[in-house]
Amino acid sequence: MKGTAGSKESSDCIITVTKQDHQEILIDSVVGAFFHDQIKLLIINTLKELKVENVKVEVIDRGALDSTIKARLITAIERMNAL
Amino acid sequence: MMRSLLFIPGNLPNMIQNAYLFDADAIIFDLEDAVLPSEKDNARNLIREFLSKNSNKKNTLNFIRINEVGGEFYKDDLELIVSDNIDAIVLPKANVSSVQTLERALSNIEKSKELQKMIHIIPIIEQATSILQVDQIASLPRVIGLILGGEDLTKDVEVKRTSEGNELLYSRSRIIMACAAYKITSIDTPYTDVYDDSGFEKDTLNAAALGMKAKCAIHPRHIEFINQAFSPTKEEIEHAYKVVEAKKNAELEGKGSFTVDGKMVDKPVVERAINVIEKAKKFNLVKDDEE
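Chains as they are written, first to last, in the numbering used here: chain G, 1 to 83; chain Y, 1001 to 1291.
Rendered as structure tokens:
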């Protein structure tokens, strides 16, 4: 089961969420040198908030705001669950 | 009270995060025409999360254009987007029945989500049948303004849209009168030829001269001119203060009628002056020491 949301446009990100047997977060960000840990924490907190476990989250970030990353993650999870 | 309303596509983060930079009085985050059917879910989440962090940052009204009542996206739009972070729902293809349906739905959502405020409705009048019902639509609860939807309306009437706008004269006039009668805001259709500056300026001034109180924009470069066109001028504000001052003096002297700059002032002139001052204060066009 997999869900993807977002785009590679500036200020956006693409997030892919895949069901698996453990949690894994992979981040490729144009601002990774400064914000990798902040993005990771945001994803961990959003997964907790949504009670989602055992997924691989892949983020390709083009400088998205926190609210954009969270929104794309929520949509990717909803799309994964809809399959 | 508003002059400019800027449409922002609901699924473009780079535009959404800059929405408040252009001094529009209201932002219309669009879930309808600007968002592909496959991306409606993405757009709803994006707008909701953005507003949860940013809605109180500026003194700008936050409106959402949802998809039409009865369509496949309508219920999810409402359920996911209505919150205390928004001020009004902009309803496309509105008529009496669809506004009443939305009104009931908003009442239910406000109760179930225990919202702290009432969400208003701004119907878009863009069908010939809606023009015929416009007085009734303007009178409905929660309605705070009507938007003329020029593109869809001219399509419905099967008439060509021109830069002169004569084909919209009747519709503009109907909306202006209905809004004036029910003390709500008449909002003009956006000018869609983004780089035709002279056509845009003529169209905006024409709408203002007819009596429209605000105008939509689909590009931020139109906001400054719209704000200027729908604001009182410096001369109008100065005159308004003179009228109010003269009224105070006349009352002290026990005079029922008086003149300002050689012209007789009566009740409607005073009321107009008060309205101009209120508008000038609302849009920060007067300094405190001028009051």
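Ideal placement from N, C-alpha and C gives every residue a C-beta, glycine not left out.
Given the structure is predicted, the values throughout are model-derived calculations rather than measurements.
From the options, residue whose alpha carbon lies closest to that of residue i
| i | options | result |
| --- | --- | --- |
| Q20/G | M1/G, L26/G, D61/G, K8/G | M1/G |
| S1098/Y | V1134/Y, F1063/Y, E1110/Y, R1161/Y | V1134/Y |
| I1131/Y | A1094/Y, Y1074/Y, E1114/Y | A1094/Y |
| S1171/Y | E1164/Y, S1163/Y, K1160/Y, G1149/Y | G1149/Y |
| S1055/Y | A1105/Y, I1081/Y, I1109/Y, I1187/Y | I1081/Y |
| V1096/Y | R1142/Y, N1108/Y, A1208/Y | R1142/Y |
| I1187/Y | S1198/Y, K1160/Y, R1174/Y | R1174/Y |
| I1119/Y | L1061/Y, N1014/Y, A1240/Y | L1061/Y |
| K1202/Y | L1285/Y, G1254/Y, S1163/Y, Q1228/Y | S1163/Y |
| T1129/Y | N1284/Y, K1160/Y, D1156/Y | D1156/Y |
| E1224/Y | H1239/Y, F1283/Y, V1265/Y, E1271/Y | F1283/Y |
| T1033/Y | E1068/Y, N1018/Y, E1271/Y | First, the residue type needs correcting, since residue 1033/Y is Asp and not Thr in the sequence shown. Answer by Cα proximity: E1068/Y. |
| V1260/Y | G1211/Y, H1239/Y, K1111/Y | H1239/Y |
| L1115/Y | Q1100/Y, E1079/Y, G1071/Y, L1140/Y | E1079/Y |
| S1038/Y | A5/G, I74/G, N81/G | A5/G |
Alpha-carbon spacing of residue i relative to residue j, whole angstroms
| i | j | result |
| --- | --- | --- |
| K1247/Y | F1258/Y | 7 Å |
| A1178/Y | D28/G | 55 Å |
| K1267/Y | V1244/Y | 11 Å |
| L1168/Y | T1154/Y | 8 Å |
| P1190/Y | R1104/Y | 29 Å |
| D37/G | K1058/Y | 29 Å |
| Q23/G | I1121/Y | 44 Å |
| I69/G | R1048/Y | 12 Å |
| L65/G | E1235/Y | 44 Å |
| A1208/Y | I25/G | 55 Å |
| E1271/Y | A1181/Y | 16 Å |
| I1016/Y | A1273/Y | 37 Å |
| S1198/Y | T1204/Y | 10 Å |
| V1269/Y | N1018/Y | 41 Å |
| S1112/Y | K1183/Y | 30 Å |
| I1226/Y | S1139/Y | 26 Å |
Within 8 Å, strictly: CB atoms of residue i and residue j
| i | j | result |
| --- | --- | --- |
| S11/G | R79/G | no |
| S7/G | I14/G | yes |
| F1063/Y | A1088/Y | yes |
| D1152/Y | Q1127/Y | yes |
| I1147/Y | I1176/Y | no |
| L1031/Y | D1077/Y | yes |
| N1206/Y | G1165/Y | yes |
| I77/G | L41/G | no |
| G32/G | V17/G | no |
| Y1301/Y | I1066/Y | Outside the shown range of chain Y (1001 to 1291) lies residue 1301/Y, about which nothing can therefore be said. |
| L1091/Y | L1102/Y | yes |
| S67/G | K1053/Y | yes |
| E9/G | N1014/Y | yes |
Same chain only: Cβ atoms within 7 Å of residue i, ignoring 5 sequence neighbours per side
| i | result |
| --- | --- |
| K1117/Y | D1084 |
| T1185/Y | M1002, I1144, G1145, C1179, K1213, A1214 |
| N1286/Y | Here the sequence assigns Val to residue 1286/Y, which means Asn is not the residue at that position. Excluding residues within five positions, the ones whose Cβ falls inside 7 Å are I1237, A1280. |
| A1250/Y | F1258 |
Proximal residues to residue i (C-beta, below 6 Å), its chain only, five neighbours per side dropped
| i | result |
| --- | --- |
| P1232/Y | V1276, K1279, A1280 |
| L83/G | M1 |
| G1070/Y | none |
Neighbourhood of residue i by C-beta, 8 Å cutoff - its chain only, sequence neighbours within 5 removed
| i | result |
| --- | --- |
| V1159/Y | E1167 |
| Y1020/Y | I1027, N1054, K1057, K1058, T1060 |
| G1256/Y | A1250 |
Residue-chain proximity (residue i, chain C), Cβ-Cβ < 8 Å
| i | result |
| --- | --- |
| P1232/Y | The structure shown contains no chain C; its protein chains are G and Y. |
- Task: Determine, using beta-carbon pairs with one atom in the stretch 51-64 of chain G and one in the stretch 1002-1011 of chain Y, whether at least three such pairs fall under 8 Å.
- Result: no
- Cβ pair count under 8 Å reaching 3, the stretch 1035-1045 of chain Y against the stretch 1005-1014 of chain Y: yes
- Flag this pair as touching only if the stretch 1217-1224 of chain Y and the stretch 1189-1203 of chain Y have three or more C-beta atom pairs under 8 Å; answer yes or no. yes
- Query: Touch check for the stretch 40-52 of chain G and the stretch 1024-1032 of chain Y: three-plus C-beta pairs under 8 Å?
  - Reply: no
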